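S.K.:
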Amino acid sequence: MVGLGAMGSGIVEVFARAGFNVTGVEVDDAALERGRTHLERSLAKAVAKGKLSDTERQTVLDRVTLTTSRDDLADADFAIEAVPERLDVKRDVFADLDRVLPPGAILATNTSSLSVTEIAALTNRPGKVIGLHFFNPAPVMRLVEIVGTVVTEPGVLAVATEVAKRLGKTPVAVTDRAGFVANALLVPYLNDAVGLYERKLASREEIDGAITKAVGLPMGPLALIDLVGLDVCLAVMDVLWAEFRTPRYAAAPLLRRMVAAGLLGRKSGRGFYDHS
Ligand code: CAA
744 MVGLGAMGSG IVEVFARAGF NVTGVEVDDA ALERGRTHLE RSLAKAVAKG
794 KLSDTERQTV LDRVTLTTSR DDLADADFAI EAVPERLDVK RDVFADLDRV
844 LPPGAILATN TSSLSVTEIA ALTNRPGKVI GLHFFNPAPV MRLVEIVGTV
894 VTEPGVLAVA TEVAKRLGKT PVAVTDRAGF VANALLVPYL NDAVGLYERK
944 LASREEIDGA ITKAVGLPMG PLALIDLVGL DVCLAVMDVL WAEFRTPRYA
994 AAPLLRRMVA AGLLGRKSGR GFYDHS
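With my numbering applied, the sequence shown corresponds to residues 744 to 1019, in that order.
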């Protein structure tokens, strides 16, 4: 697993809880420690919720190796990348994965906003590159989108689908189009909530309360944007806009300004709500 942010560390947890040995890689010791803390907190929460025993928690941790060297992935037969959503950063990661992993290994991306086809084209094994798109929080959310491209080998799709099932997830095969399926539906709704808030039609609590209390979703849209990350939501809106050019996919100006100001939600301590 390359990248141990909220998604990466959650994905490490999912694999380790399903019995896989996982090597998690970050760029430096500080990022590695943040990933470790995220993993330990989430496991502690699972224990507190009665989803995991204390002994199982320790077994899960024993299956995880954390490192700052991508060369430690030399024995891996399945790699997943969840680094920041920039093609130049992905290029660097995939060049290393291509060099380090055995030729038959599958390289997966957890991207929610970049084209899996473009990422595959960065490698010397495009047929073995696939999208494996988890949802936040990865240990809890059931859906995993399996994103095939025009050149993905059928056997690779089959392995990824089987892996997702072994993780206890529900795999859904989707085509490589902006937003895939879930985000193409969800993120414009989240963006619309920012529009309502920006036009002062209701307070953030009223907007979120309307959805949790009336519609029954576990979180209101503004709280969910804070969980997902304002930057991630903006990136999804921008690729939807770039691909389809319809007003429905125009990012709310406030969303863009908040991202520019570094208000990214839970991960930065402040978004629509204060998380410090
Ligand atoms: N490990 C295992 N299970 C856990 C857990 C953990 N670390 N944390 C919570 N759970 C379980 C709980 O036990 C509970 O399960 P049951 O219903 O079986 O009892 C369930 O998760 C919900 O937990 P709680 O009701 O106690 O509430 P919570 O505050 O702990 O949960 C939440 C928070 C799970 C995030 C919930 O609010 C939620 O589901 N929110 C919506 C999240 C969502 O929509 N995510 C998708 C975002 S889009 C995305 O990610 C894609 C992208 O690319 C942008």
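Built from N, CA and C at the ideal position, the CB exists for glycine as well.
Being a predicted model, the structure only gives us computed values, none of them experimental.
Pairs of beta-carbons, one from the region 922 to 939 and one from the region 979 to 986, closer than 8 Å: are there three or more?
M.R.: Taking 8 Å as the limit for Cβ pairs, the verdict is that the region 979 to 986 does touch the region 922 to 939.
S.K.: By DSSP, does T802 sit in helix, in strand, or in coil?
M.R.: Looking at T802 - three-state DSSP - the assignment turns out to be helix.
S.K.: Is D771 helix, strand or coil when you go by DSSP?
M.R.: Correct three-state label for D771: coil.
S.K.: Could you pull the start and end residues of the alpha helix (DSSP H) that P897 belongs to?
M.R.: That run of the alpha helix (DSSP H) goes 897 to 909.
S.K.: Please find out if some non-hydrogen atom of ligand 1 comes closer than 7 Å to the beta-carbon of M1001.
M.R.: No, ligand 1 has no heavy atom inside 7 Å of this Cβ.
S.K.: Are the region 999 to 1007 and the region 863 to 881 touching by the rule of at least three beta carbon pairs closer than 8 Å?
M.R.: As far as the Cβ criterion goes, the region 999 to 1007 does not touch the region 863 to 881, which means the pair count is below three.
S.K.: Since G874 sits in a beta bridge, which residues does DSSP pair it with?
M.R.: Answer is T852, V890, bridged to G874.
S.K.: Taking the straight line between their C-alpha atoms, what separation do you get for G1012 and T913?
M.R.: For G1012 and T913, the distance between alpha carbons rounds to 31 Å.
S.K.: Expressed to the nearest angstrom, what Euclidean distance is found between the alpha-carbon atoms of N827 and G1008?
M.R.: Checking the displayed sequence, the identity of residue 827 turns out to be Pro instead of Asn. Using only the alpha carbons, I get a separation of about 15 Å.
S.K.: Less than 7 Å between the CB of M980 and some heavy atom of ligand 2, yes or no?
M.R.: Annotation note on ligand 2: not contained in the displayed structure, which lists ligand 1 as its ligands.
S.K.: What's the C-alpha gap between M884 and R842?
M.R.: The alpha-carbon atoms of M884 and R842 are separated by roughly 32 Å.
S.K.: Tell me the rounded alpha-carbon separation between D1039 and A848.
M.R.: Here the chain comprises residues numbered 744 to 1019, so residue 1039 is not present and cannot be evaluated.
S.K.: Taking 7 Å as the cut-off, is the beta-carbon of S785 closer than that to any non-hydrogen atom of ligand 1?
M.R.: Yes, the Cβ of S785 comes within 7 Å of a heavy atom of ligand 1.
S.K.: Is it the case that the region 800 to 814 contacts the region 767 to 780, given that we only count it when at least three CB pairs across the two stretches are under 8 Å?
M.R.: Yes: the two stretches touch, three or more of their Cβ pairs being nearer than 8 Å.
S.K.: Can F837 be considered in contact with ligand 1, in the sense that its beta carbon sits closer than 7 Å to one or more heavy atoms?
M.R.: For ligand 1, not one heavy atom lies less than 7 Å from the Cβ of F837.
S.K.: Give a yes or no on contact between the region 898 to 917 and the region 939 to 959, applying the rule of three or more CB pairs nearer than 8 Å.
M.R.: Verdict: no, contact absent.
S.K.: Is V915 near ligand 1, with its Cβ less than 7 Å from a heavy atom?
M.R.: Because no heavy atom of ligand 1 lies under 7 Å away, the Cβ of V915 does not count as near it: no.
S.K.: For E776 and A995, I'd like the C-alpha separation in whole angstroms.
M.R.: Their backbone Cα atoms lie some 35 Å apart in a straight line.
S.K.: Under 8 Å between the Cβ atoms of V859 and T866?
M.R.: No, the pair does not count as a contact, with Cβ atoms beyond the cut-off.
S.K.: For the candidate residues R988, L973, Y1016, P990, whose alpha-carbon lies nearest to that of A1003?
M.R.: The shortest Cα separation from A1003 among R988, L973, Y1016, P990 belongs to L973.
S.K.: For I950, tell me which candidate among F1015, V975, G922 has the shortest Cα-Cα distance.
M.R.: Here the closest residue by C-alpha is F1015.
S.K.: Taking Cβ to Cβ, would you say A851 is nearer than 8 Å to A817?
M.R.: Not in contact: A851 and A817 (Cβ atoms no closer than 8 Å).
S.K.: Could you check what DSSP says for L944 in three-state terms: helix, strand or coil?
M.R.: Reduced to three states, the DSSP call for L944 is coil.
S.K.: Out of curiosity, what's the CA-to-CA distance linking L1052 and S946?
M.R.: Residue 1052 cannot be examined here, being either before or after the span of the chain that is shown, 744 to 1019.
S.K.: Can you tell me the Cα-Cα spacing of G753 and G746, whole angstroms?
M.R.: About 11 Å.
S.K.: Is the beta carbon of T895 less than 8 Å from the beta carbon of G922?
M.R.: Not closer than 8 Å, so no.
S.K.: In chain order, what residues of the same chain have a beta carbon less than 6 Å from the beta carbon of L840, not counting five sequence neighbours either side?
M.R.: A822, L850.
S.K.: I want to check one thing, is the minimum distance from the CB of L782 to the heavy atoms of ligand 1 below 7 Å?
M.R.: Flag unset: Cβ of L782 not near ligand 1.
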